[in-house]
Structure formats: structure tokens, C-alpha cells
Amino acid sequence: KKLQPLTQLCLDGLNRCQTAIEVGRSAVERGLKLPGVSAGWIFLRNGAEFALLAASGPLPELQPSQGACQHCTCQRRLLDGSMESAINIMDCGRLAAAPEAGRHRFHASIPLISEGAAIGVLNLSGSQEHSFTDEELQTLTGVGNQIAIALTRATLHEQLERKVAERTRELQAEVVERREAELAARRAADDLLRANQRTSSILEASPVAIITVDRAGTVLSWNHPAEQIFGFPAEEIIGQPYPSALDDGP
319 KKLQPLTQLC LDGLNRCQTA IEVGRSAVER GLKLPGVSAG WIFLRNGAEF ALLAASGPLP
379 ELQPSQGACQ HCTCQRRLLD GSMESAINIM DCGRLAAAPE AGRHRFHASI PLISEGAAIG
439 VLNLSGSQEH SFTDEELQTL TGVGNQIAIA LTRATLHEQL ERKVAERTRE LQAEVVERRE
499 AELAARRAAD DLLRANQRTS SILEASPVAI ITVDRAGTVL SWNHPAEQIF GFPAEEIIGQ
559 PYPSALDDGP
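Our numbering applies: residue 319 is where the sequence shown begins, and numbers increase by one.
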């Protein structure tokens with residue numbers, strides 16, 4: 319019954335958490351509802367370093383301001399693998415150095431173990447009069463495992479969301495790039511069409527015969543004066559080899 323706020327978190331609260339921050343804050347807030355607990359905080363491990371995930375409590379001095387505590391028993395034991403279950407740390411050096419900590423020199427350290435790896439630690443601080451029994455520590459160990467699983471799941475969820483967001487941005491950029499390319503191609507085609515129309519207008523308006531051929535000698539254009547001078551209708555000569563007989567004149 320004493321640990322009901324935390325055990326209830328494992329039953330229904332953790333499943334609603336979508337991010338690691340939400341998991342950490344929920345765990346710390348539920349921990350503060352336990353009898354005698356005045357502050358709580360969670361460290362997450364990154365190799366040999368620690369980062370503060372969440373912290374709460376009425377006394378700021380009981381909350382760590384940075385991820386690493388000098389001579390921190392809980393972090394040291396988590397790193398050397400000697401904290402496999404929840405323990406009572408009766409005289410925390412960091413809390414003892416806090417100017418207004420008073421009797422709050424005790425905290426329970428709960429390892430957060432997921433898939434056999436210690437990913438962090440949940441600390442619940444209070445006075446020695448409210449230290450946890452061996453049975454309660456055993457229950458807290460199970461709670462810590464559930465919190466660790468929730469943190470791992472939330473971290474994977476966040477990573478997946480970031481990947482989806484990144485891919486969405488990439489696809490949006492590709493769509494924009496494709497649309498711009500299509501617009502550029504359409505503008506180029508329109509420009510070419512207008513240029514061809516202007517060229518055709520100039521050819522047709524010219525009073526002299528104008529004939530264009532490609533490098534292979536195929537007739538590309540044949541204006542009206544050319545029809546009159548050489549006697550070949552444009553629809554019959556365009557696309558055909560240039561008549562060599564025309565080189566001698568009409």
C-alpha cells in the first residue's frame with residue numbers, strides 16, 4: 319500500500335507516456351507521493367556519463383543541477399555493476415553538502431534496467447525514518463524495470479517519429495523540387511513554342527523564299543514564296559530530303 323502510487327504508475331500511467339521526458343516526470347511525480355519522500359530525480363546513463371532527465375521536490379537543494387555528482391554513490395555503483403536492485407543510501411554525500419537539506423540525507427536508488435542493461439537510476443530522497451524495507455526495495459526494483467522498459471519504448475517511439483518527420487520533409491522537398499522542375503520544363507516548352515511561332519510568322523511574312531534544312535539535308539521549313547518559286551507545296555517537301563536539283567535554280 320505504501321508503494322501504491324508507483325505501482326499504479328506501472329499499471330496504467332506508463333502506457334500513456336509518449337516521450338522519455340513524460341516517463342521521467344510521471345515517475346518522479348508519483349515517487350513524491352510516497353510517505354517520507356521529499357524529492358526525486360532520474361539520471362539517464364550515456365556511456366560513463368549521466369544526464370538529468372527529470373527532477374522535482376519542494377527543496378531545490380535536494381535536486382541535482384547537473385548530470386554528474388562528484389563522489390555519487392548511486393552513479394558509481396550503477397557504472398561498476400554493483401547496483402542490480404534498489405538500495406537505501408543512508409548518508410548521501412551530495413545531499414549532506416546541501417545547505418538546507420537538513421535531515422534529508424537519505425535516498426533510495428532504484429536502477430532502471432532494460433534488456434539487462436542499466437540505462438539510468440531513479441532516486442527518491444527523504445529522511446532516514448522513512449527508509450524502505452527489503453520487501454519494498456524488491457518491489458521498487460520491479461517498478462524500476464517497468465520504468466526502464468517504458469523509457470526504452472518512448473525513446474524508440476521518439477526516434478521513429480524523428481525518422482518519419484525527416485522522411486516527410488525529404489518527400490516534401492522532393493515534391494517541391496519535382497514541381498519546380500515540371501514548371502521549368504513547361505515554361506521552356508512554352509518559350510520554345512512561342513519562338514517557333516514567331517519564326518514561322520517571320521518566314522511566312524518574308525517576300526523571299528526561305529528554306530531551312532538540318533545537317534542531314536532534311537527540309538525543316540518551306541515558306542510560301544518558296545512554294546511559288548520552286549513549285550513544291552510545303553506539305554509535300556517538309557520532312558523530305560532537300561531536292562538537289564534546286565541548287566541549279568528554277
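From the three backbone atoms N, C-alpha and C, an ideal C-beta is built for every residue, glycine too.
Please look up how many angstroms separate the CB atoms of residue i and residue j, rounded, as I've assumed it's under 8 Å.
i	j	result
V439	L370	Actually they are not in contact, since the Cβ atoms of V439 and L370 sit about 11 Å apart, beyond 8 Å.
A338	A499	No, A338 and A499 are not in contact; Cβ-Cβ is about 41 Å, not under 8 Å.
Q393	F361	7 Å
S432	N441	About 18 Å; that fails the 8 Å criterion.
V537	I556	5 Å
For residue i, which option in the options has the closest C-alpha, if you only look at C-alpha atoms?
i	options	result
I529	N441, K481, F550	F550
F368	L430, F450, V341, Q336	L430
A366	C390, I405, A552	C390
G444	V355, N463, E476	V355
T451	I547, I405, V341	I405
L332	R485, A468, A372	A468
Below 8 Å CB to CB, which residues in the same chain sit around residue i once its five sequence neighbours on both sides are set aside?
i	result
S282	No statement about residue 282 is possible, as the shown extent of the chain runs from 319 to 568 and does not include it.
S403	P429, L455, Q456, T459
V531	V537, L538, Y560
P543	S524, P525, V526, A527, I528
T470	S432, E433, I437
S518	S539
N541	L521, E522, S524, A527, I528, I529, A552
Q558	T536, V537
S562	none
Going along the chain, which residues of its own chain have a beta-carbon closer than 7 Å to the beta-carbon of residue i, five neighbours each way excluded?
i	result
E363	Glu is not the amino acid found at residue 363; the sequence shown has Arg there. Cβ neighbours of R363 beyond the five flanking positions: L396, A436, I437, G438.
G385	With a pLDDT of only 48 at G385, under the threshold of 50, the placement of this residue in the model should not be trusted; the figure read from the coordinates follows. Closer than 7 Å at the Cβ level, and outside the excluded window around G385, lie F361, E367, F368, A369, L370.
E554	none
L511	none
Who does residue i pair with in a DSSP beta bridge?
i	result
V531	V537
H288	This structure cannot speak to residue 288, because the chain is shown only from 319 to 568.
I431	A436
P559	T536
A373	W359
9 Å is my cut-off, CB to CB: does residue i come that close to chain D?
i	result
I360	As a matter of chain content, chain D is missing from the structure shown, which is built from one protein chain.
Can you list, in chain order, the residues of its chain with a C-beta nearer than 6 Å to that of residue i? Leave out the 5 residues immediately preceding and following it.
i	result
I465	A345, L430
I407	T391, H425, S427
V341	C335, A468, L469, A472
Would you say the beta carbon of residue i is closer than 8 Å to some non-hydrogen atom of the ligand NAD?
i	result
K481	Ligands displayed in this structure: none; no statement on the ligand NAD is therefore possible.
> Unbroken beta strand (DSSP E) runs of length 3 or more, entirely within the segment 326-369: which are they?
Replying inline: 355-364
>> Just to confirm the assignment: which complete beta strand (DSSP E) runs, minimum length 3, are found wholly within the segment 459-546?
In response: 529-531, 537-540
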